[in-house]
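> The following block contains the structure, expressed as C-alpha cells.
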Amino acid sequence: MKKLIFLVLAASLVVPTAASAATATVKFGVNFRTAPSTDARVVGMLTRGQQVEIVGQPNSYWYKVKTASGSVGYISTSSKYTSVSGGSSGSANATIARSVNFRSSPKVANNKIGTVPRGANVRIVEQVNSWWVKIVYNGVTGYVDTSFLSSSGGSNSGSESGSAVSGTAASIIADARNLIGKVRYEFGTRNVSRLIFDCSSFTEYVFEKNGVSLKWGTSYQKNAGYGVSKSNLKAGDLVFFDTNGGGINHVGIYISDGEFIHNSPSGNVNISSLSSGYWSKKYVSARRVL
7 MKKLIFLVLA ASLVVPTAAS AATATVKFGV NFRTAPSTDA RVVGMLTRGQ
57 QVEIVGQPNS YWYKVKTASG SVGYISTSSK YTSVSGGSSG SANATIARSV
107 NFRSSPKVAN NKIGTVPRGA NVRIVEQVNS WWVKIVYNGV TGYVDTSFLS
157 SSGGSNSGSE SGSAVSGTAA SIIADARNLI GKVRYEFGTR NVSRLIFDCS
207 SFTEYVFEKN GVSLKWGTSY QKNAGYGVSK SNLKAGDLVF FDTNGGGINH
257 VGIYISDGEF IHNSPSGNVN ISSLSSGYWS KKYVSARRVL
C-alpha cells in the first residue's frame, strides 16, 4: 500500500528511544503485521501478557515493535490491546498542524486549559493512546488530540515517515472526534448552528467540511462510492447498520482496529466497536467514498 507523507493533520509521531526504550505489554490478543496497515500480511498474533519493545511509531495508529525472539513487525497503538511503559526520559518534537484544544486530561470534557495555535512547536513527553498525546507547550503540560500534530523529529526521527491513513480520512475522523460531547442527536435534523444532527446528517456534515460531497440520508449514503468488505475496511469508510430489522437505518465512519465513530440516538457522538455484541449483529455493509 502506498505510504502518504503527512504535511498536515497526520499524526506521524515518533516514539522516543533515548535513555530507555518504551515497552508495550499486550492486554488482548493483537495481530502482528509486516507493515503499518490493516492490508498488510498478518504473520502472527501477540498474546496477552507478552512484552515487546517499541522501536518506532510511523503514525498514531501503529507501533513498530520487536519481540523477545527478535522479530520486528507492527501492532495497533489502541490502548485496548497494549499498555506502554518506560521510555519516559526520551522526547520528540512536533508541530501543531492546526489550532487544537489544550486539555488538562486525555479526554473530551470540561478540562480545557487553552488553545495551542497552528504552527506552534511542542515537546511530546508521552503518547497515552492512539487518540491523545501528552505535551509541553510554553512550560505547561497538557494533552492534545494526536490528529492535530505533525512530527518534527525526535531522538530517533527520520527512521520512518508516512501513514496508512489518507490525509482526508484523518481530517474527517479528527473533525468527527472533536464533536464528541458537543453534538445532540435528533432524528431527521441537520442544524449546523446548534450542532443537532441525526446519524447521516452528521456524516454528511464532517465529510462536507473536508470537501467531500455526500447526500443526507442513509438511503442515499448506502449507495455512495463503492462497496467494500468488512475485512477490507479503511479509515474514512462509511459503515451501515440495520438496528430495527427494517433495512439500513444507521451510519458511522470507520476509524481503525474495528472501531467507528457515529452519532447515535443512545449516546450522541461516540466511538463504538464493530465486534461488540450489539453492533456486530446489526452490521450490514460498508461503502468507500474517499
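Under this note's numbering, read the sequence shown as residues 7 to 296, first letter to last. Idealized CB from N, CA, C, for every residue including glycine. These numbers were taken from a predicted model, which means no experiment stands behind them.
1. What are the uninterrupted segments assigned as beta strand (DSSP E) that are 3 or more residues long and contained completely in the region 268-293, given in chain order?
2. If you run the structure through DSSP and keep just helix, strand and coil, what is I186?
3. Measuring CB atoms only, is the region 181-195 touching the region 264-271, in the sense that at least three cross pairs come out at less than 8 Å?
4. Would you tell me roughly how many angstroms separate the C-alpha atoms of N107 and A176, rounded to the nearest one?
5. Check whether the Cβ atoms of V71 and I60 sit closer than 7 Å, and answer yes or no.
6. If you follow the alpha helix (DSSP H) that T209 is in, where does it begin and where does it stop?
7. Excluding the five sequence neighbours on either side, which residues of its own chain have a C-beta within less than 6 Å of the C-beta of P42, listed in chain order?
8. Please list the terminal residues of the continuous beta strand (DSSP E) segment that includes Y80.
9. When you measure from the CB of L52 to every non-hydrogen atom of the ligand MN, does any distance come out below 6 Å?
10. Ignore the nearest five residues each way along the sequence and tell me which others in V142's own chain have a CB closer than 7 Å to its CB.
11. Since V275 contacts L185 with CB under 8 Å, what's their CB separation in whole angstroms?
12. Secondary structure at N238, three-state DSSP: helix, strand or coil?
13. If you draw a straight line from the C-alpha of G242 to the C-alpha of V295, how long is it?
If we stick to the structure as given:
1. 274-279
2. The count along the sequence shown starts at 1 and reaches residue 186 at position 180. I186: coil per DSSP, three-state reduction.
3. yes
4. Residue 107 sits at position 101 when you count from the first residue of the sequence shown. Residue 176 sits at position 170 when you count from the first residue of the sequence shown. One C-alpha to the other measures close to 17 Å.
5. Here residue 71 is taken as the residue at index 65 of the sequence shown, counted from 1. Here residue 60 is taken as the residue at index 54 of the sequence shown, counted from 1. Contact: yes.
6. Taking the first residue of the sequence shown as position 1, residue 209 is located at position 203. C205 to K215 is the extent of the alpha helix (DSSP H) around T209.
7. As a working note, residue 42 is residue 36 in the sequence shown. The residues are P64, W68, Y80 and A170.
8. Counting from 1 along the sequence shown, the entry for residue 80 is found at position 74. Run containing Y80: V78 to S82, per the beta strand (DSSP E) assignment.
9. Inclusion of the ligand MN in the displayed structure is not the case, the ligand content being empty and no account of it being possible.
10. The sequence position of residue 142 within the sequence shown is 136, counting from 1. So the list reads V128, R129 and V131, once near-sequence residues are dropped.
11. In the sequence shown, the residue the question calls residue 275 occupies position 269. In the sequence shown, the residue the question calls residue 185 occupies position 179. With 8 Å as the limit, V275 and L185 qualify as a contact, their Cβ atoms being about 5 Å apart.
12. Taking the sequence shown and counting its residues from 1, the one referred to as residue 238 is at position 232. Helix, per DSSP.
13. For the purposes of this step, residue 242 is taken as the residue at position 236 of the sequence shown. For the purposes of this step, residue 295 is taken as the residue at position 289 of the sequence shown. One C-alpha to the other measures close to 8 Å.
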